[in-house]
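There are 2 protein chains.
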Amino acid sequence: MSLPRIAIDAMGGDEGVRVMVEGAALARRRHDRFKFLLVGDEPRIKAALETHPNLRASSEILHTEGVISGEDKPSQAIRRAKSTSMGLAINAVKTGDAGAAVSAGNTGALMAMAKLALRTMPGIDRPALAALLPTLGDNDVVMLDLGANTECDTRNLVQFAIMGAAYARVVTEREAPRVRLLNIGTEETKGTEELREAANVLKAAAADLSISFDGFTEADKVCRGDVDVVVTDGFSGNIALKAIEGTARFVGDLLRRSFSSSLRSKVGFLVSRPATELLKHHLDPNNHNGAVFLGLNGIVVKSHGSANVAGVANAVAVTARLLEEDVTHRITADLARVGADSLRMRGPMEERA
Amino acid sequence: MSLPRIAIDAMGGDEGVRVMVEGAALARRRHDRFKFLLVGDEPRIKAALETHPNLRASSEILHTEGVISGEDKPSQAIRRAKSTSMGLAINAVKTGDAGAAVSAGNTGALMAMAKLALRTMPGIDRPALAALLPTLGDNDVVMLDLGANTECDTRNLVQFAIMGAAYARVVTEREAPRVRLLNIGTEETKGTEELREAANVLKAAAADLSISFDGFTEADKVCRGDVDVVVTDGFSGNIALKAIEGTARFVGDLLRRSFSSSLRSKVGFLVSRPATELLKHHLDPNNHNGAVFLGLNGIVVKSHGSANVAGVANAVAVTARLLEEDVTHRITADLARVGADSLRMRGPMEERA
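Protein sequence lines correspond, in order, to chains X and B. Counting from 1, one number per residue, gives the positions in the first sequence under our numbering. Counting from 1001, one number per residue, gives the positions in the second sequence under our numbering.
Next up, the structure:
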């Protein structure tokens, strides 16, 4: 089976062309069946490809000089969809010229463009941004939504659970992923009405959806390793994600400060190097780079703006796995399995639909 | 000036009487002007006091056998207010028998009882739970609300900012505390309508309130040390707090695992002991124990259920400082300074009042 190729917005991100191209080259070494469409300034892409003959051989370049900047508002970006590297990468997914697009550019612009060009899947009201977080367990945890939707209703949360479970099946190979809703307590009475309703719907539909629904979880238990999918609205999800990232960085800074506080500590640091390197590796956001925009007719992956070559390679690898496993069709199948109608009938969602 | 005494719910918390009494004794050594009302089972309190003659000399015991358990619903707890250690400790604040109450018991019950007995201050619609978090800067940051109010409107957020600033003045001795609203981005267009409105109101009222209002902050920047008060609704605040606590614990677990991964790492750990102890001290939640329930006619402080003696001592010390600085009256003065009316007129809050 020939696999759809991956469109890379070569111009987005703080580091520009070189990091995007080298990241793709690194990912290609691990997934050599994939082909690429590199979108952006042709001379600069060609220059970056010079040291990567393998990637060059499996890539086509789509030239454009237009770039969406970090300051561009989504509304401005949309108007420049056909003349920018980000817009053309997404458009390639729309036309079927590529199966997925990867960009390290402006998140708001990327989401707006992707939504407009690719439209949401049948049965999905709103797409969501999903990422993988490290855990103390055997596999990463999928968390969504991370900021695509500031406010969410019950239907949105249920659909996020279905999309998140499909993603988790790819990542964990677990047939019935363990799904929980993020809340401020685990008792059934906790949280907003939307959360309590979503819990009722998911409990009733768990068997049909082939998920293991375990109720609510709290933000301090996301990384404990006993849950595969954490579902939340985009506001809380963004708060939780950034609190986790910020604290990991904060602790790293404190650790560095502690290790340089005395000569003995400095010696200890040198001896402990393998241990701290292990920790650093585990917490390095580049090793979990690649937030997936789920629920559209096509896959769009956001690489972090400050990701390094390894980080971009991870984002491309995530994209490759989602394509290989054909996640978009899996979500469609799951939605069909429970039936959009049956979902609509369960719980008191109908009132707000 | 004689200072109001502190009522201690001696029965709450996972560890029970001994930890509460020893914590109070430790705090008393640092704040020896304070007197205590120890509420709970008299024989057990007396036994715990035997090794603490100084605390015994400055304490009175109020006997009751009733205890609010972790499973009691707030509605059940309220009915037992007059026969439980938690209820009687709060009641002592109501009657003026004590200036503040400290409990390590059931948070929901404590909040419900405190609200009912003490009522909210004039000018405050809803009380909020505030805590101190460690930062990379010179002082801790005050964050509120941490879970008292699942959903908040603009007025609530503005009032939380005023209460948080009063608390921050006590902790930081900064005349104009740096206040920010927690959001999912720093641009003016980000977040919910309530947040954007609250930002407008605080910007206009900053001079009157003697605060430095710096707009929005994101959850990864809470502990950076460049802000004194982070204001948020109780849902997001609870998510952020738990994500921060959980991640600090998670990184600690990873570090422990890394340090025991090889003989070299184990040796490194021994040599680095002072550095890791420094880190442990900085991150130990006991060193930041004591969440304050602000906005009531009286001070109620929640000690963490699993806090150790040092943790309880910190919660009692926080209570002592709040009493010394007379925070409740400071908040009243601040509210008067901006005027409840002027606050109500600014921004589009009136529509929703």
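For every residue, glycine included, the Cβ atom is placed at its ideal position computed from N, Cα and C. Nothing here was measured: the structure is a model prediction, and the numbers come from that model.
Worksheet item: Per DSSP, residue 173 of chain X is paired with what?
Response: BP columns for residue 173 of chain X are empty, so no partner.
Original post:
With distances taken between CB atoms, is the gap from residue 1267 of chain B to residue 267 of chain X smaller than 8 Å?
Top reply: no
Exercise for the section: For the segment 1204-1226 of chain B, enumerate the residues whose C-beta is nearer than 9 Å to any C-beta of chain D, in chain order. Expected result: Checking the listed chains, one finds no chain D in this structure; the protein chains it contains are X and B.
Check your understanding: What do you reckon, are the CB atoms on residue 1300 of chain B and residue 1090 of chain B nearer than 8 Å?
Key -> yes
Next item on the list: Please list the residues of the segment 133-157 of chain X that have a C-beta atom closer than 8 Å to any C-beta atom in chain B, keeping them in chain order.
Entry: 136, 147, 150 and 151
Original post:
Between residue 5 of chain X and residue 296 of chain X, what straight-line distance do the alpha-carbon atoms span, to the nearest angstrom?
Top reply: 17 Å
query: Alpha carbon to alpha carbon, what distance is there between residue 1046 of chain B and residue 1069 of chain B?
result: 22 Å
Kindly say whether residue 253 of chain X, judged by its beta-carbon, lies nearer than 8 Å to any beta-carbon of chain B.
-> yes
- Note down, in chain order, all residues in the segment 1257-1271 of chain B with a beta-carbon under 7 Å from any beta-carbon belonging to chain X. 1258, 1259, 1261, 1262, 1264, 1265, 1267, 1268, 1269 and 1271
Residues near residue 1221 of chain B in its chain [Cβ-Cβ closer than 8 Å; skip 5 each side]: 1227
Interface flag, residue 5 of chain X vs chain B, CB-CB below 8 Å: no
Exercise. In three-state DSSP terms, what is residue 31 of chain X?
Worked result: coil
ask   = Would you say residue 238 of chain X reaches chain B, if we count a Cβ-Cβ gap shorter than 8 Å as a contact?
value = yes
ask   = How is the alpha helix (DSSP H) around residue 324 of chain X delimited, first residue to last?
value = 309-324
Under the three-state reduction of DSSP, which class applies to residue 1062 of chain B: helix, strand or coil?
strand
Checklist line | Residues of the segment 1118-1133 of chain B whose Cβ lies closer than 8 Å to any Cβ of chain X, in chain order | finding: none
Cα-Cα separation, residue 1350 of chain B to residue 1327 of chain B
Note that residue 1350 of chain B has pLDDT 41, beneath the 50 cutoff, so the model's placement of it is unreliable and the number below is only indicative. Distance between the alpha carbons of residue 1350 of chain B and residue 1327 of chain B: 28 Å.
Does residue 246 of chain X come within less than 8 Å of chain B when only Cβ atoms are used? yes
With a threshold of 8 Å between beta-carbons, can residue 12 of chain X be considered close to chain B, or not?
no
query: Do the CB positions of residue 1077 of chain B and residue 1128 of chain B come within less than 8 Å of each other?
result: no
message = Between residue 1243 of chain B and chain X, is the shortest Cβ-Cβ distance under 8 Å, so that the two count as touching?
response = yes
- Taking 8 Å as the CB-CB limit, is residue 184 of chain X close to chain B? yes
Notebook entry, point to check: On the three-pair Cβ rule with 8 Å, is the segment 302-314 of chain X touching the segment 1310-1323 of chain B?
Noted result: no
Query - Chain-ordered residues of the segment 1034-1066 of chain B with a beta carbon less than 7 Å from chain X - result: none
**Asked** residue 191 of chain X versus chain B: which residues are under 9 Å apart at the beta carbon?
**Response** 1150 and 1235
- Query: Which class does residue 178 of chain X belong to by DSSP, given the choice of helix, strand or coil?
  - Reply: strand
* To do: Starting from residue 1144 of chain B, trace the beta strand (DSSP E) both ways and give me its first and last residue.
  => 1141-1144
Nearest residue (CA-CA) to residue 104 of chain X, options X:85, X:93, X:27 and X:147: X:85
To which residues of the same chain is residue 156 of chain X closer than 7 Å at the C-beta, ignoring the five residues directly before and after it? 125, 126 and 149
#### Entry: In DSSP terms, what residue 961 of chain B is bridged to
Outside the displayed span of chain B (1001 to 1353) sits residue 961 of chain B, for which this structure offers no information.
For this session: Report the residue from B:1035, B:1224, B:1269 and B:1008 whose alpha carbon sits nearest the alpha carbon of residue 246 of chain X.
Result: B:1224
* To do: Leaving out five residues on either side along the sequence, give the residues of the same chain with a beta carbon under 6 Å from the beta carbon of residue 1322 of chain B.
  => 1299
Decide yes or no for the touch test of the segment 183-192 of chain X against the segment 1196-1211 of chain B: beta carbon pairs closer than 8 Å, at least 3 of them. no
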